[in-house]
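Numbering (our numbering), first residue to last: 11 to 444.
Here it is as structure tokens:
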């Protein structure tokens, strides 16, 4: 449990919603109200242009709520705390149908949150099952680490055993969709595979498909493949399968001009395709193509922009420079006048190169996050529905840069997610005058 001092620091570390874009948002709001004064008089609950002022009931009472969880390795535990806060604050009404979407660690969070929302498991049970002792890391290690150092068998075992005990056989019963990158070995092309309720690839436990670790493409294996960081975790291997994919040639944007009802448009027609895999295919971490799969939620036929809400939970990484790192950097660039310094420098360089190889996926994801952030800024300037407008509300939750090998930090991460989401909701309601 965090000390009172740590809790106070957490409470004071909250960023304003939408990263200090309030002046820009105010100008957009002013233009909107000037052009739509008469319409707003007739319909006071009309969609507010800032995305901060919204009447939740006008959307969710008669519609669906989609929760989109971003991938983030061990930092994904913040999603559980954030979800608990959403439940407590009444942001997920019982009348609404709640759907869950996730990538990598977000896929695990989606399954866990679904079990809580459906009443099949309590928060305490979920935490007990999905948080594990550091000694369990041995189950992630490959016996013969030729191509990959680790595998995700523990993720698969946990999820499949839980679902079997609860009598859940497929994604439709969970209302969960997870993403993976499908690489067609024969065609040498990749696409975003989505496993979930129709129109996506629903995966019953009885279905038999080849897989590296046994027969049957289960829900647990689909989640395992979504977490399979290339080069670090073992990829899923399938053959001659029929899957639902989204071919992302370019980032999808639904640009809406000022003065119009600002809502997120559904995904373009034909975005979801049926893909027949002939030969061998590899399933790896979906974060390299869609780390925050908002588009997947918008692509389902059940999505209705007039009634549905989308909560996108994004993880921001807090990077802290350590004294050890500063010392190592100084040593690395020191003047090699002595043998011992040269020897230490060689060891350090080799270690850094190894770390670069191990963390290559993190570099890819951080590059993608920078791309997404720049895209979000452009979207905000153009009055787009994503990020700050309309029925998509993006919550940025800060999390410390925790290694994959620190499961003992799970409790702290859950707590931070819970406290920060509480504060985000409070600010959201304050701005809406609720």
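Each residue gets a CB set at the ideal place from its N, CA and C atoms; glycine is no exception.
Review point. How long is the line joining the alpha carbons of residue 310 and residue 77, rounded to whole angstroms?
Key: Mapped onto the chain shown, residue 310 falls at position 300. Mapped onto the chain shown, residue 77 falls at position 67. Distance between the alpha carbons of residue 310 and residue 77: 14 Å.
Exercise for review: Tell me whether the beta-carbon of residue 186 lies closer than 8 Å to the beta-carbon of residue 120.
Suggested key: Taking the first residue of the chain shown as 1, we reach residue 186 at position 176. Taking the first residue of the chain shown as 1, we reach residue 120 at position 110. Yes, the Cβ-Cβ distance between residue 186 and residue 120 is below 8 Å.
Practice item. Reducing DSSP to helix, strand and coil, say where residue 437 ends up. Key: Residue numbering aside, residue 437 sits at position 427 when the chain shown is read from its first letter. Here residue 437 sits in helix by DSSP.
Point to revise | Buried versus exposed call for residue 81 [16 or more other C-beta atoms within 10 Å across all chains shown] | key: Counted from its first residue, the chain shown places residue 81 at position 71. Here residue 81 is buried, its C-beta having at least 16 other C-beta atoms within 10 Å.
Review point. Looking at the unbroken alpha helix (DSSP H) that takes in residue 137, where does it start and where does it end?
Key: On the chain shown, residue 137 is found 127 positions in, with the first residue counted as 1. Looking at the DSSP string, the run of the alpha helix (DSSP H) that includes residue 137 is 133 to 140.
Review point. Residue 86: which of 431, 428, 325 and 416 sits nearest, CA to CA?
Key: Within the chain shown, numbered from 1, the residue matching residue 86 stands at position 76. Ranked by Cα distance from residue 86, the options 431, 428, 325 and 416 are led by 325.
Exercise for review: Figure out for me which residue from 236, 237 and 282 has the closest Cα to the Cα of residue 256.
Suggested key: For the purposes of this step, residue 256 is taken as the residue at position 246 of the chain shown. Of 236, 237 and 282, the residue nearest in Cα terms is 282.
Review point. Helix, strand or coil for residue 100 per DSSP?
Key: Mapped onto the chain shown, residue 100 falls at position 90. For residue 100, the secondary structure class from DSSP, reduced to helix, strand or coil, is coil.
Check your understanding: Hey, how far is the Cα of residue 313 from the Cα of residue 210?
Key -> Here the question's residue 313 lines up with position 303 in the chain shown. Here the question's residue 210 lines up with position 200 in the chain shown. One C-alpha to the other measures close to 14 Å.
Practice item. Could you tell me which of 169, 122 and 410 sits nearest to residue 227, measuring between CA atoms? Key: As a working note, residue 227 is residue 217 in the chain shown. Selected option, being the one with the closest Cα: 169.
**Study point:** Assumed close pair residue 236, residue 295 - CB separation to whole angstroms, cut-off 8 Å
**Key:** Walking along the chain shown from the start, residue 236 turns up at place 226. Walking along the chain shown from the start, residue 295 turns up at place 285. About 7 Å separates the beta carbons of residue 236 and residue 295, which is inside the 8 Å limit, making them a contact pair.
Point to revise | Nearest candidate by alpha-carbon position, reference residue 323, set 423, 304 and 317 | key: Counting from 1 along the chain shown, the entry for residue 323 is found at position 313. Of the listed residues, the one whose Cα sits closest to residue 323 is 304.
Check your understanding: Below 8 Å between beta carbons: does that hold for residue 289 and residue 249?
Key -> For the purposes of this step, residue 289 is taken as residue 279 along the chain shown, with counting starting at 1. For the purposes of this step, residue 249 is taken as residue 239 along the chain shown, with counting starting at 1. For residue 289 and residue 249, yes; Cβs fall inside 8 Å.
Review point. Do you know how far the Cα of residue 204 is from the Cα of residue 189?
Key: On the chain shown, residue 189 is found 179 positions in, with the first residue counted as 1. On the chain shown, residue 204 is found 194 positions in, with the first residue counted as 1. In a straight line, the C-alpha of residue 189 is about 5 Å away from that of residue 204.
Point to revise | Reduced DSSP secondary structure (H/G/I, E/B, other) of residue 172 | key: The sequence position of residue 172 within the chain shown is 162, counting from 1. Note: residue 172 maps to helix in three-state DSSP.
Check your understanding: Going by DSSP, which residues form a beta bridge with residue 325?
Key -> On the chain shown, residue 325 is found 315 positions in, with the first residue counted as 1. Note: residue 325 sits in a beta bridge opposite 407.
Point to revise | Where residue 404 falls, given that 16 or more other Cβ within 10 Å makes a residue buried | key: Along the chain shown, one-based indexing puts residue 404 at 394. Its Cβ being crowded by 16 or more others within 10 Å, residue 404 is buried.
Check your understanding: Roughly how many angstroms separate the alpha carbons of residue 406 and residue 108, rounded to a whole number?
Key -> For the purposes of this step, residue 406 is taken as the residue at position 396 of the chain shown. For the purposes of this step, residue 108 is taken as the residue at position 98 of the chain shown. When rounded, the distance between both Cα atoms is 20 Å.
Practice item. With a 10 Å radius around its C-beta and 16 neighbouring C-beta atoms as the bar for buried, classify residue 411 as buried or exposed. Key: Taking the chain shown and counting its residues from 1, one reaches residue 411 at position 401. Residue 411 is exposed by the Cβ-count criterion.
Point to revise | Chain-order list of residues whose beta-carbon lies under 7 Å from that of residue 133 (same chain, five-residue window excluded) | key: Reading the chain shown from its first residue, position 123 is the one you call residue 133. Closer than 7 Å at the Cβ level, and outside the excluded window around residue 133, lie 94 and 126.
Exercise for review: Please report how far the alpha carbon of residue 246 lies from the alpha carbon of residue 437, in whole angstroms.
Suggested key: By 1-based counting over the chain shown, the position of residue 246 is 236. By 1-based counting over the chain shown, the position of residue 437 is 427. When rounded, the distance between both Cα atoms is 42 Å.
Point to revise | Cβ neighbour criterion (16 or more within 10 Å) applied to residue 286 | key: Numbered from its first residue, the chain shown carries residue 286 at position 276. Result: exposed.
Practice item. Give the straight-line distance between the Cα atoms of residue 75 and residue 206, rounded to the nearest whole angstrom. Key: As a first step, residue 75 is located in the chain shown; it is residue number 65 there, counting from the start. As a first step, residue 206 is located in the chain shown; it is residue number 196 there, counting from the start. Each residue's Cα considered, the two are about 16 Å apart.
Review point. If you follow the beta strand (DSSP E) that residue 283 is part of, which residue opens it and which one closes it?
Key: Counting from one through the chain shown, the residue named residue 283 turns up at place 273. Per DSSP, residue 283 belongs to the beta strand (DSSP E) from 282 to 286.
Review point. Taking C-alpha atoms, which residue in 239, 164, 180 and 299 lies nearest to residue 229?
Key: Reading the chain shown from its first residue, position 219 is the one you call residue 229. Distances from the CA of residue 229 to each of 239, 164, 180 and 299 were compared; the closest alpha carbon is that of 180.
Practice item. Grab me the residues of residue 155's own chain with a C-beta within less than 8 Å of its C-beta, minus the 5 sequence neighbours each way, in chain order. Key: Numbered from its first residue, the chain shown carries residue 155 at position 145. Any reading at residue 155 needs caution, since the residue's pLDDT is 47, under 50, leaving its predicted position unreliable; the model's value is listed next. Excluding residues within five positions, none has a Cβ falling inside 8 Å.
Review point. Taking the alpha carbon of residue 239 as the point to measure from, which residue in 91, 114, 307 and 96 has its own alpha carbon closest?
Key: Mapped onto the chain shown, residue 239 falls at position 229. When each option's Cα is compared against that of residue 239, the closest is 114.
Check your understanding: Can you tell me the Cα-Cα spacing of residue 318 and residue 106, whole angstroms?
Key -> As a first step, residue 318 must be located in the chain shown, where it is residue number 308. As a first step, residue 106 must be located in the chain shown, where it is residue number 96. So the alpha carbons of these two residues sit roughly 9 Å apart.
Exercise for review: May I have the straight-line CA-CA distance separating residue 428 from residue 100, to the nearest angstrom?
Suggested key: As a position in the chain shown, residue 428 is number 418, starting the count at 1. As a position in the chain shown, residue 100 is number 90, starting the count at 1. Taking the Cα positions, residue 428 is about 14 Å away from residue 100.
Exercise for review: Taking residue 231 as the reference, give the member of 91, 164 and 197 with the closest Cα.
Suggested key: Walking along the chain shown from the start, residue 231 turns up at place 221. That would be 164, whose Cα lies nearest to the Cα of residue 231.
Point to revise | Where the beta strand (DSSP E) containing residue 239 begins and where it ends | key: By 1-based counting over the chain shown, the position of residue 239 is 229. That residue, residue 239, is in no beta strand (DSSP E); it is neither H nor E in DSSP.
Review point. Residues in its own chain within less than 7 Å of residue 124 by CB, not counting five upstream and five downstream?
Key: Within the chain shown, numbered from 1, the residue matching residue 124 stands at position 114. Within the same chain, residue 124 has close Cβ partners 110, 184, 185 and 186.
**Study point:** residue 427 - DSSP class collapsed to helix/strand/coil
**Key:** Position 417 of the chain shown, counted from the first residue, corresponds to residue 427. If DSSP states are grouped into helix, strand and coil, residue 427 belongs with the helices.
Review point. Exposed or buried, which one is residue 252 when buried takes at least 16 other CB atoms within 10 Å?
Key: Working through the chain shown from its first residue, we reach residue 252 at position 242. Exposure of residue 252 is indicated by the presence of fewer than 16 other C-beta atoms within 10 angstroms of its C-beta.
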